[in-house]
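Those protein sequence lines, which keep their order, are chains A and B. Following UniProt numbering, the numbering of the first sequence begins with 1 at its first residue and continues without gaps. Following UniProt numbering, the numbering of the second sequence begins with 1 at its first residue and continues without gaps. Where is the CB? At the ideal position from N, CA and C, for every residue including glycine. First up is the structure itself, then whatever we jot down about it.
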Amino acid sequence: MSVSHSQITRLYSRFTSLDKGENGTLSREDFQRIPELAINPLGDRIINAFFPEGEDQVNFRGFMRTLAHFRPIEDNEKSKDQNGPEPLNSRSNKLHFAFRLYDLDKDDKISRDELLQVLRMMVGVNISDEQLGSIADRTIQEADQDGDSAISFAEFVKVLEKVDVEQKMSIRFLH
Amino acid sequence: MERYKQAFHLIKVVILALMAPLTQVPENTSQGNWEALALTGEQSLPYSLFQSHSLRPPTGQEQLSSWGFACSLHSVAALAVPRLTEAFQALGGCVPELELKQWATIRLQKSAKKPQPQLPRTPTANGIIERDETPMEKEITLLHRADFEFSHIFYFCRKGFEAIVEDEVTQRFSSEELLSWNLLTRTNVNFHYISLKLTVVWVIGVIVRYCFLLPLRFTLAAIGIMSMIVGTTAVGQLPNGRVKNYLSEVVHLTCSRILVRALSGTIHYHNKENRPRKGGICVANHTSPIDAIILTNDGCYAMVGQVHGGLMGIIQRATVKACPHVWFERSEIKDRHLVTKRLREHVADKSKLPILIFPEGTCINNTSVMMFKKGSFEIGGTIYPVAIKYDPQFGDAFWNSSKYNIVSYLLRIMTSWAIVCNVWYLPPMEGEDAVQFANRVRSAIARQGGLTELPWDGGLKRAKVKDTFKEEQQKNYSKMLAWT
Numbered sequence: 001m002s003v004s005h006s007q008i009t010r011l012y013s014r015f016t017s018l019d020k021g022e023n024g025t026l027s028r029e030d031f032q033r034i035p036e037l038a039i040n041p042l043g044d045r046i047i048n049a050f051f052p053e054g055e056d057q058v059n060f061r062g063f064m065r066t067l068a069h070f071r072p073i074e075d076n077e078k079s080k081d082q083n084g085p086e087p088l089n090s091r092s093n094k095l096h097f098a099f100r101l102y103d104l105d106k107d108d109k110i111s112r113d114e115l116l117q118v119l120r121m122m123v124g125v126n127i128s129d130e131q132l133g134s135i136a137d138r139t140i141q142e143a144d145q146d147g148d149s150a151i152s153f154a155e156f157v158k159v160l161e162k163v164d165v166e167q168k169m170s171i172r173f174l175h
Numbered sequence: 001m002e003r004y005k006q007a008f009h010l011i012k013v014v015i016l017a018l019m020a021p022l023t024q025v026p027e028n029t030s031q032g033n034w035e036a037l038a039l040t041g042e043q044s045l046p047y048s049l050f051q052s053h054s055l056r057p058p059t060g061q062e063q064l065s066s067w068g069f070a071c072s073l074h075s076v077a078a079l080a081v082p083r084l085t086e087a088f089q090a091l092g093g094c095v096p097e098l099e100l101k102q103w104a105t106i107r108l109q110k111s112a113k114k115p116q117p118q119l120p121r122t123p124t125a126n127g128i129i130e131r132d133e134t135p136m137e138k139e140i141t142l143l144h145r146a147d148f149e150f151s152h153i154f155y156f157c158r159k160g161f162e163a164i165v166e167d168e169v170t171q172r173f174s175s176e177e178l179l180s181w182n183l184l185t186r187t188n189v190n191f192h193y194i195s196l197k198l199t200v201v202w203v204i205g206v207i208v209r210y211c212f213l214l215p216l217r218f219t220l221a222a223i224g225i226m227s228m229i230v231g232t233t234a235v236g237q238l239p240n241g242r243v244k245n246y247l248s249e250v251v252h253l254t255c256s257r258i259l260v261r262a263l264s265g266t267i268h269y270h271n272k273e274n275r276p277r278k279g280g281i282c283v284a285n286h287t288s289p290i291d292a293i294i295l296t297n298d299g300c301y302a303m304v305g306q307v308h309g310g311l312m313g314i315i316q317r318a319t320v321k322a323c324p325h326v327w328f329e330r331s332e333i334k335d336r337h338l339v340t341k342r343l344r345e346h347v348a349d350k351s352k353l354p355i356l357i358f359p360e361g362t363c364i365n366n367t368s369v370m371m372f373k374k375g376s377f378e379i380g381g382t383i384y385p386v387a388i389k390y391d392p393q394f395g396d397a398f399w400n401s402s403k404y405n406i407v408s409y410l411l412r413i414m415t416s417w418a419i420v421c422n423v424w425y426l427p428p429m430e431g432e433d434a435v436q437f438a439n440r441v442r443s444a445i446a447r448q449g450g451l452t453e454l455p456w457d458g459g460l461k462r463a464k465v466k467d468t469f470k471e472e473q474q475k476n477y478s479k480m481l482a483w484t
């Protein structure tokens, strides 16, 4: 992952400023201390994305790995490595990251319940269960191609093929 | 040719540095003549006395008391040292050409700006990432319809990650980052090693600061605090009356001036005609405990605060005898009505000094003004807003109370180059609804001081954000969704 030296330095100083316990790792509470993240309806899911299965602490390496998904795709033009593994910020990996935000139990399918849960997080108490259910049903019906009432990753990609994922899931660094 | 230019620059800097004390003369002479007047026992009101002093132009024939002279020498040291060091750096040959030019350009630009302190500084855009400020509505409904789509989470996701990398709020609770290094290790966060000559200059700087400036400042501070305690206790013995008020103001002002000198403070006051009057409330943005000293350097206020133990408690008990400061016990602070009632009584008495309040409630790092708590604006009375902006090149005045206790904070202040700040007195304001009034005052202060305005609560330094904000975001999103 070719990030410039100054970007890494700045991200490291950000990491240490978030690390109130000063033990080289971040916990979920450290993330929740960021007010703008705490008021984000999907804040908890985003925080979860940093923590690998069953763990409560993330070190700087893990922190950078997760952030790497949000690097702009143009950066890859400079370092085309055909033989290496696909970079974390490719379109496919960005979509996979978004897919995992929906797919809680990691069975590679977004079920109706999982979709309902995410919807509930985003709208709060402002929409009733029935209305939310009908929104979920309609969404799945439109995207579902193989008729199993769940969305697989391939179907997910198909629905989003017209969306400019690169621009929407990227963070531009100033330096 | 380059060498000649740099030599000229060095000579110019040295001459500027030597001329620096001449601009300090008005403050020193006012202090010197102040003491002379006190000795002759003139009974004129202190307020008008300040005004007449500030209007007098500096003349060479002003008799400097030996005290004032020592202070001006001290100010020379404080101001000359960084300018000389920058000249040394400019001559350093090991610094790479491009960095030298960039850095020298920044320095020249900054020194060119200094003769005009009236212009407020624009907030430096020192961010890590480019934040996308498209509002939720535009971004989501751009995606064809307002029906729910999987892509809606992209908006929240990106906002979340932007907040993780850099957020508006938590950066205000730590010191501001500088564009160019000012030879203090503490601001060395993102600068790396450039050359040996620079390191040598830095070592000289450390020796100067710790071995020369620090003992001098420490003794001045000790003298200041001692005279404050002794003076106010002495004045406190007198019966209440005009003489007592006058003397207590003399004592407060003189001690405050000694303490400002102890910190090598160079303060520029603007719009002195708007200075807070008796029976008013002075509100200012809060950066550090020395804000109070900086304001009392120019006028007398009644302080508001909690009773502390230790040295601070001794000072509080001594000063309250001379002048009616408002100190609350810890238990009283919790009762908001009691606090408001006491302050209201104080303000209603027109003979009492204006009270000084910091509505943010906590120290913010002087790049922005956070939410003003509405309590101060419910008391009634005229509000006199004051904007305080420190120049971070000479020293960082912000107190990060989670990282440093008060003693190490004072040590850091006393080993900086100087405390340079601008104080703007804004015209008095009045208002009806406390919350809106608070926001108006905050905007005025932010605009004057060149600070950004944030609607966030300074209490977020320690407390969690309220759930109502998240619910608001959820409500906004659900309004955009169309459902059958």
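Inset, instruction - Kindly confirm or deny that the segment 414-423 of chain B and the segment 316-325 of chain B touch, where touching means at least three C-beta pairs closer than 8 angstroms. - result: no
Legend entry - Neighbouring residues, chain B, relative to Pro41/A (Cβ below 8 angstroms): Phe156, Lys470, Gln473, Gln474 and Tyr477
Legend entry - Residue from Leu198/B, Gln306/B and Leu411/B whose Cα sits closest to the Cα of Leu216/B: Leu411/B
Legend entry - Any beta strand (DSSP E) of 3 or more consecutive residues that is wholly inside the segment 330-414 of chain B: 355-357 and 383-390
Inset, instruction - Say yes only if the C-beta of Thr199/B is nearer than 8 angstroms to one or more non-hydrogen atoms of the ligand ATP, and no if none qualify. - result: As far as ligands go, the structure on display features none, and thus does not contain the ligand ATP.
Legend entry - Paired residues, beta bridge with Ser152/A - DSSP: Lys109/A
Inset, instruction - Tell me Ile281/B's beta-bridge partners as DSSP assigns them. - result: Ile355/B and Ile383/B
Inset, instruction - Using a Cβ cut-off of 9 angstroms (strictly closer), state whether His152/B contacts chain A. - result: yes
Legend entry - Amino acids of chain A, ordered along the chain, whose beta-carbon sits closer than 8 angstroms to that of Val407/B: In chain order: nothing, as chain A lies at least about 21 angstroms away.
Inset, instruction - State yes or no: is the beta carbon of Gly124/A nearer than 9 angstroms to at least one beta carbon in chain B? - result: yes
Legend entry - Residues, ordered as in the chain, of the segment 154-175 of chain A that lie near chain B by beta-carbon distance below 7 angstroms: Phe156, Val159, Leu160, Val163, Lys168, Met169, Ile171, Arg172, Phe173 and Leu174
Legend entry - Euclidean distance between Cα positions of Val159/A and Ser151/B: 9 angstroms
Inset, instruction - Can you grab the Cα-Cα spacing for the pair Asp291/B / Ile388/B, in whole Å? - result: 8 angstroms
Legend entry - Neighbourhood of Asn297/B by C-beta, 7 angstroms cutoff - its chain only, sequence neighbours within 5 removed: Ser256, Arg257, Val260 and Ile267
Inset, instruction - Given a cut-off of 9 angstroms, decide if Ser331/B and Thr452/B are closer than it, judged by their beta-carbon atoms. - result: no
Inset, instruction - Say whether chain A places a C-beta atom closer than 9 angstroms to the C-beta of Leu184/B. - result: no
Inset, instruction - State whether the segment 13-22 of chain A contacts the segment 86-100 of chain A, with contact taken as three or more CB pairs (one from each stretch) at a distance under 8 angstroms. - result: no
Inset, instruction - State yes or no: is the beta carbon of Arg145/B nearer than 9 angstroms to at least one beta carbon in chain A? - result: Note that Arg145/B scores 48 on pLDDT, short of 50, meaning its location in the model is unreliable and no value can be drawn from it.
Inset, instruction - Note down, one range per segment and in chain order, each beta strand (DSSP E) of at least 3 residues found wholly within the segment 182-244 of chain B. - result: none
Inset, instruction - Return the chain-ordered list of same chain residues with a C-beta closer than 6 angstroms to the C-beta of Pro276/B, the five sequence neighbours on each side being excluded. - result: Cys282, Pro354 and Tyr384
Inset, instruction - Using three-state DSSP, classify Leu45/B as helix, strand or coil. - result: Residue placement at Leu45/B is flagged as unreliable, the pLDDT there being 32, under the threshold of 50; the coordinate-derived value follows with that caveat. It is coil, neither helix nor strand.
Legend entry - Proximal residues to Ile129/B (C-beta, below 8 angstroms), its chain only, five neighbours per side dropped: Glu162, Val165 and Glu166
Legend entry - Per-residue burial, Leu196/B [other beta carbons within 10 Å of its own, 16 or more giving buried]: exposed
Inset, instruction - Taking C-beta pairs closer than 8 angstroms, name the residues in chain A that Ile364/B reaches, listed in chain order. - result: Result: empty, since nearest Cβ-Cβ is about 14 angstroms, beyond 8 angstroms.
Inset, instruction - Could you spell out the range, first to last residue, of the alpha helix (DSSP H) harbouring Gly305/B? - result: Taken as a continuous stretch (DSSP letters only), Gly305/B belongs to no alpha helix (DSSP H), being part of the beta strand (DSSP E) at Ala302 to Gln306.
Legend entry - Test item: CB-CB of Asn126/A and Lys475/B under 9 angstroms: yes
Inset, instruction - Return no unless some Cβ of chain A is closer than 9 angstroms to the Cβ of Thr170/B. - result: yes
Legend entry - Nearest-angstrom Cβ-Cβ length linking Lys278/B and Ser376/B, presumed shorter than 8 angstroms: Not confirmed; about 17 angstroms, so no contact.
Inset, instruction - Measuring only between beta-carbons, confirm whether Leu481/B sits less than 9 angstroms from chain A. - result: yes
Inset, instruction - Could you list which residues in chain A have their beta carbon closer than 7 angstroms to that of Gly160/B, in chain order? - result: Leu37, Asn40, Leu42, Gly43 and Ile46
Legend entry - Short-range partners of chain A found in the segment 442-470 of chain B, where Cβ spacing is below 8 angstroms: Trp456, Leu460, Lys464, Val465, Phe469 and Lys470
Inset, instruction - Could you confirm whether any beta carbon from chain B is found closer than 9 angstroms to the beta carbon of Ser152/A? - result: no
Inset, instruction - Give the DSSP bridge partners of Leu26/A, in chain order. - result: Val58/A
Legend entry - Top-ranked residue by Cα proximity to Tyr390/B, from Ile379/B, Asn366/B, Gly305/B and Gly205/B: Asn366/B
Legend entry - Three-state class that DSSP yields for Asn89/A in the structure shown: coil
Inset, instruction - Note the first and the last residue of the continuous alpha helix (DSSP H) segment covering Ile127/A. - result: Segment: none, Ile127/A is in no alpha helix (DSSP H) and carries neither H nor E.
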